[in-house]
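Note that the UniProt record's numbering has the sequence shown beginning at 1, numbered continuously upward. Glycine included, C-beta positions come from ideal geometry on N, C-alpha and C. A short write-up of the structure that comes next.
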Amino acid sequence: MPDSSWYDDDAGPVVRPYALTGGRTHYDAAEFDLVALIVTRDAPGVPDEHRAGPGGAPQPQWAPDPEHEMILSLCRTPLSVVEIASELELPLGVVRVMLGDLLDRSLIEVRRPAPVAQFPSERVLKEVIDGIRAL
């Protein structure tokens, strides 16, 4: 009998991360930065039954997994990708694939982090200091 001492009965069923993503290891259409903010959209875009799949055939209706539902619930207020992974206690790669599923169905919105402002030039800083000294 294999050694199963690495988990106990209270742990519940063990689900491998690849089972949550259907074996996918990354999302091809977009890169989710660790600090990108994810927020649930109020109204989804085009319903799945009206989207065309490969060859123009309609896609089958998509039923979200419980983890997808948890992401949608968590992201009613904007959360970063890394916060979502932490809250769900799932690997970052798995969360990125799941976010991709939700983004494909227009259920979430991705807000990129604002670029860091450029520091003013040394000349501007000297003028500010001179202006303060003149007071």
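Query - Segment contact flag, the stretch 97-113 with the stretch 25-36, C-beta cutoff 8 Å, min 3 pairs - result: yes
Query raised in the report: Is I84 near I129, with beta carbons less than 8 Å apart?
Result: The residue you call residue 84 lines up with position 84 of the sequence shown. The residue you call residue 129 lines up with position 129 of the sequence shown. It is not a contact, given that the beta carbons lie outside the stated cut-off.
Query raised in the report: How would you label I132, buried or exposed, when you count the other beta carbons within 10 angstroms and need 16 or more for buried?
Result: Here residue 132 is taken as the residue at index 132 of the sequence shown, counted from 1. Flag for I132 reads exposed.
Report task. Work out the CA separation of R41 and I108 for me, nearest whole Å. Result -> Here residue 108 refers to the residue found at position 108 of the sequence shown. Here residue 41 refers to the residue found at position 41 of the sequence shown. The alpha-carbon atoms of I108 and R41 are separated by roughly 5 Å.
**Report entry** Cβ separation of R96 and V82, assumed to be a contact under 8 Å, to the nearest whole Å
**Finding:** Locating residue 96 in the sequence shown gives position 96, where the first residue counts as 1. Locating residue 82 in the sequence shown gives position 82, where the first residue counts as 1. At roughly 10 Å, the Cβ-Cβ gap does not stay under 8 Å, so R96 and V82 are not in contact.
Query raised in the report: Looking at C-alpha atoms only, which residue of G22, V110 and T21 is the closest neighbour of T77?
Result: By 1-based counting over the sequence shown, the position of residue 77 is 77. T77 has its Cα closest to that of V110, out of G22, V110 and T21.
Requested in this report: Could you check the C-alpha separation between D33 and E122 for me, to the nearest Å?
Outcome: Along the sequence shown, one-based indexing puts residue 33 at 33. Along the sequence shown, one-based indexing puts residue 122 at 122. Distance between the alpha carbons of D33 and E122 is about 32 Å.
Report task. Assuming A36 and R112 form a contact by the criterion Cβ under 8 Å, report the distance between their Cβ atoms to the nearest whole angstrom. Result -> Within the sequence shown, the letter at position 36 stands for residue 36. Within the sequence shown, the letter at position 112 stands for residue 112. Confirmed, about 6 Å.
**Report entry** Close-in-space but distant-in-sequence residues of the same chain around T21 (CB under 6 Å, 5 per side omitted)
**Finding:** Counting from one through the sequence shown, the residue named residue 21 turns up at place 21. V94 and V97, listed in sequence order.
Report task. Return helix, strand or coil for V35, following the three-state DSSP convention. Result -> Counting from one through the sequence shown, the residue named residue 35 turns up at place 35. Coil at V35, not helix or strand.
Query - Backbone CA spacing between E31 and F119 [nearest angstrom] - result: Stepping through the sequence shown from its first residue, residue 31 is reached at position 31. Stepping through the sequence shown from its first residue, residue 119 is reached at position 119. Their Cα atoms are separated by approximately 28 Å.
Query raised in the report: For L135, does the count of other Cβ atoms within 10 angstroms reach 16, so buried, or fall short, so exposed?
Result: Within the sequence shown, the letter at position 135 stands for residue 135. Classification for L135: exposed.
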